[in-house]
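A.B. asks:
Numbering (full-length UniProt numbering), first residue to last: 1 to 251.
Below is the structure:
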């Protein structure tokens, strides 16, 4: 079995085992490294998608840029409270770079790859403004549910703020939009002459994107985070249905 196929299958197995363990808080402290593996696997799938879509050189370049820029942006947030707001990590997510877990960079890689795949179907390959805007909004959409669960339920990181949305500052979502907009802009420029490709790995990264949303929605549901559940579920459903309609028209 090829390494890329093995990575995808391991992720799916890890996902369905993990969702059970996380849902019922069955992960002991000595297995916290499992969170790092999950984030890295998701990010690697995002990288594989870029490589399969744009070739090894361009795909790897995009992947490294996404991981590097996102880690630097998170560094600005952790150290200086810029972009996202005032927060700090509490869990051990493995090796760090600039005070930010490298695994978080891989998480960003999954988010950007998934939001790219969705946005490129919704808008096409030559629509810079609509592509970057929708891709950035897709990134914010997934964070609408990741942050409440990571903060309120798991306390993977702590916010030093107050707001109507689980005390997560609005600046966090603005920061996500800004960073995602920058990354999607770079991807658009690098892949300007590329044609839209609906490959098997395109479908896989979209599935991974919505699976991650689904996992966090489920965790939010069993812990009573109703605003996050309702808001994210409605927006995700509408996005998925619109995506599927646009995709069917491409055949």
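For glycine and all other residues, C-beta sits at the position ideal for the given N, C-alpha and C.
Closer than 8 Å to a non-hydrogen atom of the ligand NAP - does that hold for the CB of residue 21?
C.D. replies: Inclusion of the ligand NAP in the displayed structure is not the case, the ligand content being empty and no account of it being possible.
A.B. asks: Just to confirm the assignment: which complete beta strand (DSSP E) runs, minimum length 3, are found wholly within the stretch 136 to 223?
C.D. replies: For the stretch 136 to 223, whole beta strand (DSSP E) runs of length 3 or above, ordered along the chain, are 157 to 159.
A.B. asks: Assuming residue 67 and residue 109 are in contact, meaning their beta carbons sit under 8 Å apart, how far apart are those beta carbons, in whole angstroms?
C.D. replies: For this step, residue 67 is matched to residue 67 along the chain shown. For this step, residue 109 is matched to residue 109 along the chain shown. Residue 67 to residue 109, Cβ: 6 Å. Contact.
A.B. asks: Could you give the DSSP three-state label for residue 98: helix, strand or coil?
C.D. replies: As a working mapping, residue 98 is identified with position 98 in the chain shown. Residue 98 falls in the coil class under three-state DSSP.
A.B. asks: Using 8 Å for Cβ pairs, my map puts residue 204 next to residue 45. What's the rounded Cβ distance?
C.D. replies: Taking the first residue of the chain shown as 1, we reach residue 204 at position 204. Taking the first residue of the chain shown as 1, we reach residue 45 at position 45. Indeed they touch by this definition, with Cβ atoms about 7 Å apart.
A.B. asks: Taking its Cβ as the centre, do 16 or more other Cβ atoms sit within 10 Å of residue 80, making it buried, or is it exposed?
C.D. replies: Numbered from its first residue, the chain shown carries residue 80 at position 80. Under this definition residue 80 is an exposed residue.
A.B. asks: Mark residue 189 as exposed unless 16 or more other C-beta atoms lie within 10 angstroms of its C-beta, in which case mark it buried.
C.D. replies: The residue labelled residue 189 in the question sits at position 189 within the chain shown. Burial call: exposed.
A.B. asks: Applying the criterion that 16 or more other CB atoms from any shown protein chain within 10 Å of the CB defines a buried residue, is residue 95 buried or exposed?
C.D. replies: Here residue 95 refers to the residue found at position 95 of the chain shown. So residue 95 counts as exposed.
A.B. asks: Is it buried or exposed, residue 59, if we count other Cβ atoms within 10 angstroms and call 16 or more buried?
C.D. replies: As a working note, residue 59 is residue 59 in the chain shown. Buried, since its Cβ has 16 or more Cβ neighbours within 10 Å.
A.B. asks: Going by DSSP, what residues sit across from residue 87 in a beta bridge?
C.D. replies: Here residue 87 is taken as the residue at index 87 of the chain shown, counted from 1. Answer is 159, bridged to residue 87.
A.B. asks: Skipping 5 residues on each side, what residues in its chain have a beta carbon closer than 6 Å to that of residue 19?
C.D. replies: Position 19 of the chain shown, counting from 1, holds the residue named residue 19. Only 215 meet the Cβ criterion.
A.B. asks: Rounded to the nearest angstrom, what separates residue 89 and residue 34 at their Cα positions?
C.D. replies: Taking the chain shown and counting its residues from 1, the one referred to as residue 89 is at position 89. Taking the chain shown and counting its residues from 1, the one referred to as residue 34 is at position 34. The straight-line gap separating the alpha-carbon atoms of residue 89 and residue 34 is approximately 17 Å.
A.B. asks: Using the C-alpha atoms, what's the distance from residue 198 back to residue 158?
C.D. replies: The residue given as residue 158 occupies position 158 in the chain shown. The residue given as residue 198 occupies position 198 in the chain shown. The alpha-carbon atoms of residue 158 and residue 198 are separated by roughly 39 Å.
A.B. asks: Under the three-state reduction of DSSP, which class applies to residue 246: helix, strand or coil?
C.D. replies: Residue mapping note: residue 246 aligns to position 246 of the chain shown, counting from 1. Helix.
A.B. asks: Whole angstroms are fine: how far does the CA of residue 75 sit from the CA of residue 181?
C.D. replies: Reading the chain shown from its first residue, position 181 is the one you call residue 181. Reading the chain shown from its first residue, position 75 is the one you call residue 75. Answer to the nearest angstrom: the Cα atoms are 18 Å apart.
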